[in-house]
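Data first, discussion second: the structure below is written as structure tokens.
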Amino acid sequence: MTSLVIQTAFLGDVVLTTPLLRALAEQTGPLDVVTTPAAAPLLETHPAVRRVIPYAKRGADRGWRGLNRLARRLRAEGYASAYLPHRSLRSAAVAWLARIPRRVGFHDGWRLLYTETRRRPAEGHEVDRLLALAGPAPGRHHMPNLETTIPDRTRAEGFLREHHVREPLAALAPGSIWGSKRWPSFAVLAERLAPRVGIVVVGGAEDEPLGAEITAVVGRAGGRAASACGRLSLRESVEIIRRACVLVTNDSAPLHFAQAVGTPTVALFGPTVPTFGFGPRGPRDRALGVVGLPCRPCSRHGPPVCPLGHHRCMTDLSLEQVLAAIEETGALHRRD
Ligand code: SF4
Numbered sequence: 222m223t224s225l226v227i228q229t230a231f232l233g234d235v236v237l238t239t240p241l242l243r244a245l246a247e248q249t250g251p252l253d254v255v256t257t258p259a260a261a262p263l264l265e266t267h268p269a270v271r272r273v274i275p276y277a278k279r280g281a282d283r284g285w286r287g288l289n290r291l292a293r294r295l296r297a298e299g300y301a302s303a304y305l306p307h308r309s310l311r312s313a314a315v316a317w318l319a320r321i322p323r324r325v326g327f328h329d330g331w332r333l334l335y336t337e338t339r340r341r342p343a344e345g346h347e348v349d350r351l352l353a354l355a356g357p358a359p360g361r362h363h364m365p366n367l368e369t370t371i372p373d374r375t376r377a378e379g380f381l382r383e384h385h386v387r388e389p390l391a392a393l394a395p396g397s398i399w400g401s402k403r404w405p406s407f408a409v410l411a412e413r414l415a416p417r418v419g420i421v422v423v424g425g426a427e428d429e430p431l432g433a434e435i436t437a438v439v440g441r442a443g444g445r446a447a448s449a450c451g452r453l454s455l456r457e458s459v460e461i462i463r464r465a466c467v468l469v470t471n472d473s474a475p476l477h478f479a480q481a482v483g484t485p486t487v488a489l490f491g492p493t494v495p496t497f498g499f500g501p502r503g504p505r506d507r508a509l510g511v512v513g514l515p516c517r518p519c520s521r522h523g524p525p526v527c528p529l530g531h532h533r534c535m536t537d538l539s540l541e542q543v544l545a546a547i548e549e550t551g552a553l554h555r556r557d
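Quick note, the sequence shown lines up with residues 222 to 557 if you use my numbering.
Shown next as structure tokens:
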């Protein structure tokens, strides 16, 4: 009987859940997953997933009525087991309302609504913490993975052709929902990289101004750059990252996309730190942050603006440090 996973957290969290999906699928076969409409396209092509059930918890499905509607739908499916990696009352309640007989969650979640709990490790990478939900045999895969389709690849290739950006290319992800996590020097970084690589800026529609600024700077310097912000779908953007020789990113979802497609990553941490469990972990990856700043880290997600006003956790991270980290990945010298 098919098992269900309910994961309606942020995009990055959904990507970091993919090793758990693989581990569970190895135990019970392909799974059904409830996730947000934004994350649904990422899981629709995942080999561990049989079917994605989108749940717009802040949109059309919000409130009690939407929760009940989802619970009725899940109840009709007759799932034997539900896995609840997200510490969310909504997820726990919907599995309970759907009368799924076995509901597996973490001990620090909503224990009264679960039938089994697993201990979430306090330390370590979030991938491994989530994998603990699979039980004593948590699987062999400790990196996330995402799959793109032939149409995704065709569209990404067409986008690069249309903007005359050739490989090798560097992908830059200058955005973040949390303003304090944005490194302010992506445009000057792009200008420095442009003589050696094509530049593609990845992000959502809300990152368009950052994309426009970067492409304008590179264009004035005689390089080739394109902004995919808001112009490509999520999977098409993942495909662009897959083709890139390196991704430079803030602590945001594209970091996890790059991990999932094996692209060397330089991740810039400001108000957060990699030891929270969300850093890159590939052998060629680099994580940078300002060392010795007493206010850092200041929050789990990063505040909208620096509460101290100076934002030194990002402004003190120099262009030269970032360039050196890119060199260390070896990405600009490899052609494989
Ligand atoms: S308080 Fe410190 S760590 Fe937090 S945003 Fe400001 S500079 Fe960064």
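Every residue, glycine too, gets a C-beta built ideally from N, C-alpha and C.
No experiment lies behind these values; they were computed from the predicted model shown.
(1) Give me the Cβ distance between Leu540 and Val423, rounded to the nearest whole Å; I'm assuming they're in contact under 8 Å.
(2) Suppose you measure from the CA of Glu388 to the CA of Arg463; what does that come to, to the nearest Å?
(3) With a 10 Å radius around its C-beta and 16 neighbouring C-beta atoms as the bar for buried, classify Cys516 as buried or exposed.
(4) Is it the case that the CB of Gly491 approaches a heavy atom of the ligand SF4 more closely than 7 Å?
(5) Check whether the Cβ of Leu514 lies closer than 7 Å to any heavy atom of the ligand SF4, and answer yes or no.
(6) Based on Cα-Cα distance, which residue from Tyr300, Asp537, Trp317 and Gln542 lies nearest to Met222?
(7) Is Arg517 near the ligand SF4 - that is, is its Cβ less than 7 Å away from at least one heavy atom of it?
(8) Am I right that Ser406 and Gly523 are in contact with their C-beta atoms under 8 Å? What's the rounded C-beta distance?
(9) For the region 258 to 266 against the region 363 to 380, do three or more pairs of beta-carbon atoms, one drawn from each stretch, fall closer than 8 Å, so that the two count as touching?
(10) In the DSSP assignment, find the beta strand (DSSP E) that holds Pro475 and state where it starts and stops.
(11) Going by other Cβ atoms of all chains shown within 10 Å of its Cβ, with 16 needed for buried, is Leu352 buried or exposed?
(12) So what does Ile227 bridge to, in DSSP terms?
(13) Classify Thr496: buried if its beta carbon has 16 or more other beta carbons within 10 angstroms, exposed otherwise.
(14) How should Asp329 be labelled, buried or exposed, when 16 other C-beta atoms within 10 angstroms of its C-beta is the threshold for buried?
(15) Buried or exposed for Val512, going by 16 or more other Cβ atoms inside 10 Å?
(16) Whose C-beta lies closer than 7 Å to the C-beta of Pro416 among residues of the same chain, with five residues either side of it excluded?
(17) To the nearest angstrom, how far is it from the Cα of Ala313 to the Cα of Trp331?
(18) Say yes only if the C-beta of Leu529 is nearer than 7 Å to one or more non-hydrogen atoms of the ligand SF4, and no if none qualify.
(19) Compare the C-alpha of Gly440 against each of Leu453, Val467, Asn289 and Val418 and name the closest.
(20) Report, in whole angstroms, the separation of the C-beta atoms of Thr453 and Ala377, which I expect to be a contact under 8 Å.
(21) Using a beta-carbon distance below 8 Å, is Glu412 in contact with chain D?
(22) Would you give the residue range spanned by the beta strand (DSSP E) that Glu337 belongs to?
(23) Do you know how far the Cα of Asp506 is from the Cα of Thr229?
(24) Does the Cβ of Pro251 lie closer than 7 Å to at least one heavy atom of the ligand SF4?
(25) Considering only their Cβ atoms, is the gap separating Arg271 from Ala303 smaller than 8 Å?
(26) Please return the same chain residues whose Cβ sits closer than 7 Å to the Cβ of Gly432, not counting the five positions on each side in sequence.
(27) Is the number of C-beta pairs between the region 273 to 280 and the region 244 to 259 that are closer than 8 Å three or more?
(28) Considering only heavy atoms of the ligand SF4, does any lie closer than 7 Å to the CB of Arg533?
(29) Does Ser458 pass the burial test, meaning 16 or more other C-beta atoms within 10 Å, or should it be called exposed?
(30) Name, in chain order, the residues that DSSP records as bridge partners for Gly356.
(31) Here's the rule I'm using: 16 or more other beta-carbon atoms within 10 Å means buried, otherwise exposed. How should Ser473 be labelled?
Quick look at the numbers:
(1) That belief does not hold up - the Cβ atoms of Leu540 and Val423 are roughly 20 Å apart, past 8 Å.
(2) 12 Å
(3) exposed
(4) yes
(5) yes
(6) Tyr300
(7) yes
(8) About 17 Å; that fails the 8 Å criterion.
(9) yes
(10) Unbroken run through Pro475 is the alpha helix (DSSP H), Ala474 to Val482; no beta strand (DSSP E).
(11) buried
(12) Val255
(13) exposed
(14) exposed
(15) exposed
(16) Gly444
(17) 7 Å
(18) yes
(19) Val418
(20) Per the sequence shown, residue 453 should be read as Leu rather than Thr. Leu453 to Ala377, Cβ: 7 Å. Contact.
(21) In the structure shown, chain D does not exist; there is a single protein chain.
(22) Glu337 to Arg339
(23) 28 Å
(24) no
(25) no
(26) Val422, Gly424, Ser448 and Cys450
(27) yes
(28) yes
(29) buried
(30) Looking at the DSSP assignment, Gly356 forms no beta bridge with any residue, so it has no partner.
(31) buried
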